[in-house]
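Before any comments, here is the structure.
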Amino acid sequence: MIIKQAVAPSVEPVTIDEVKTQLIIDGNDLDAEVAAMIAPARQLVEQMIGRALITQTWDRWYDAFPAVMSLPWSPLQSVAAITYVNTDGAEQTLSPDVYTVDADSEPGRVYLAYGQSWPSTRAIPKAVKVRFVAGFGDTSDDVPACIKLAIMLLVGSLMNNREDDAPIALHKVPWGVKSLLADHRMYRRAC
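For the sequence shown, this note's numbering assigns the number 16 to the initial residue and increments by one for each residue that follows.
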């Protein structure tokens, strides 16, 4: 799977003040450290549950048009564009009339509209690109409270283990974080 973030979230799901309140940190001496740990904590939570928390844009590439395009980050908000390299080597934008977006499935899917056919592509890697938007919404208020609490607990764990010589591993994630995220984890089907 080839996927890359095109536009990062414009805000984080939790603020420095929210984290400081949760961790009972007084004063501003640790603001820089807390701020530096919020984005990595959010990213780890997103990896753990397979969801984008705040609205963000992603590019997903395929070598050719598959029968169904599964888009890995949920909840899927929209498909901004599908582009492809035609057999002549020119990049084209696929008309939205050719495909149907299923944003209700998890993960979200794109499939061929009734009576349509995928265009031929040049036999090259990354011949098809789907640009899509995913996330619960544009603000922290759109993110479920237990996910926000999990991020704050994870920041607390990172603050207490700043000297660890390796990046945080999933087996080191505090039990409370895993429990808070359990109902929000997206499970992918094997087929």
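For every residue, glycine included, the Cβ atom is placed at its ideal position computed from N, Cα and C. Everything numeric in this text was worked out from a predicted model, so none of it was measured.
Same chain, Cβ closer than 6 Å to Pro122, neighbours up to 5 away in sequence not counted: Within the sequence shown, residue 122 is the residue found at index 107, counting from 1. Excluding residues within five positions, the ones whose Cβ falls inside 6 Å are Ser85, Leu86, Pro87, Ser89.
Which ranges does the beta strand (DSSP E) cover as unbroken runs of at least 3 residues, wholly within the stretch 93-168, from first to last along the chain? 106-108, 114-117, 123-127, 143-149
Starting from Ile31, follow the alpha helix (DSSP H) in both directions and report where the run begins and ends. Sequence index remark: in the sequence shown, residue 31 carries index 16 (1-based). 31-38 is the extent of the alpha helix (DSSP H) around Ile31.
Measuring only between beta-carbons, confirm whether Ser85 sits less than 7 Å from chain B. In the structure shown, chain B does not exist; there is a single protein chain.
Nearest-angstrom Cα separation, counted from Gln131 out to Asp103: Counting from one through the sequence shown, the residue named residue 103 turns up at place 88. Counting from one through the sequence shown, the residue named residue 131 turns up at place 116. Cα to Cα, the separation comes out at about 21 Å.
What separation, rounded to the nearest whole angstrom, lies between the Cα atoms of Met52 and Asp117? Here residue 52 corresponds to residue number 37 of the sequence shown, with the count starting at 1. Here residue 117 corresponds to residue number 102 of the sequence shown, with the count starting at 1. Cα to Cα, Met52 sits roughly 34 Å from Asp117.
Kindly indicate which three-state DSSP category Leu86 falls into: helix, strand or coil? Sequence index remark: in the sequence shown, residue 86 carries index 71 (1-based). Strand, per DSSP.
Of all the options Tyr126, Ile97, Leu109, which has the alpha carbon lying nearest to the alpha carbon of Lys144? Taking the first residue of the sequence shown as position 1, residue 144 is located at position 129. Per the Cα distances, Ile97.
Kindly indicate the opening and closing residues of the beta strand (DSSP E) around Ile18. In the sequence shown, the residue the question calls residue 18 occupies position 3. 17-22 is the span of the beta strand (DSSP E), which, as asked, contains Ile18.
6 Å Cβ shell around Leu173 - same chain, five flanking residues per side excluded: Taking the sequence shown and counting its residues from 1, the one referred to as residue 173 is at position 158. Answer for Leu173: Met52, listed in chain order.
Supposed close pair Val192, Ala165 - CB separation, criterion 8 Å: Start at 1 with the first residue of the sequence shown, and residue 192 comes out as number 177. Start at 1 with the first residue of the sequence shown, and residue 165 comes out as number 150. The pair is a contact, with the Cβ atoms about 5 Å apart (cut-off 8 Å).
Look up Thr70 in the DSSP assignment and give the residues it is bridged to. Numbered from its first residue, the sequence shown carries residue 70 at position 55. In the DSSP assignment, Thr70 is bridged to no other residue.
Determine the burial state of Ile17: buried for a count of at least 16 other Cβ atoms within 10 Å of its Cβ, exposed for fewer. For this step, residue 17 is matched to residue 2 along the sequence shown. Flag for Ile17 reads exposed.
As assigned by DSSP and simplified to three states, the class of Leu196: On the sequence shown, position 181 is the one that residue 196 refers to. Of the three classes helix, strand and coil, the one that applies to Leu196 here is helix, per DSSP.
Can you tell which of Pro189, Ser194, Lys187, Val170 has the C-alpha that lies nearest to the C-alpha of Leu45? The sequence position of residue 45 within the sequence shown is 30, counting from 1. Nearest option by C-alpha distance: Val170.
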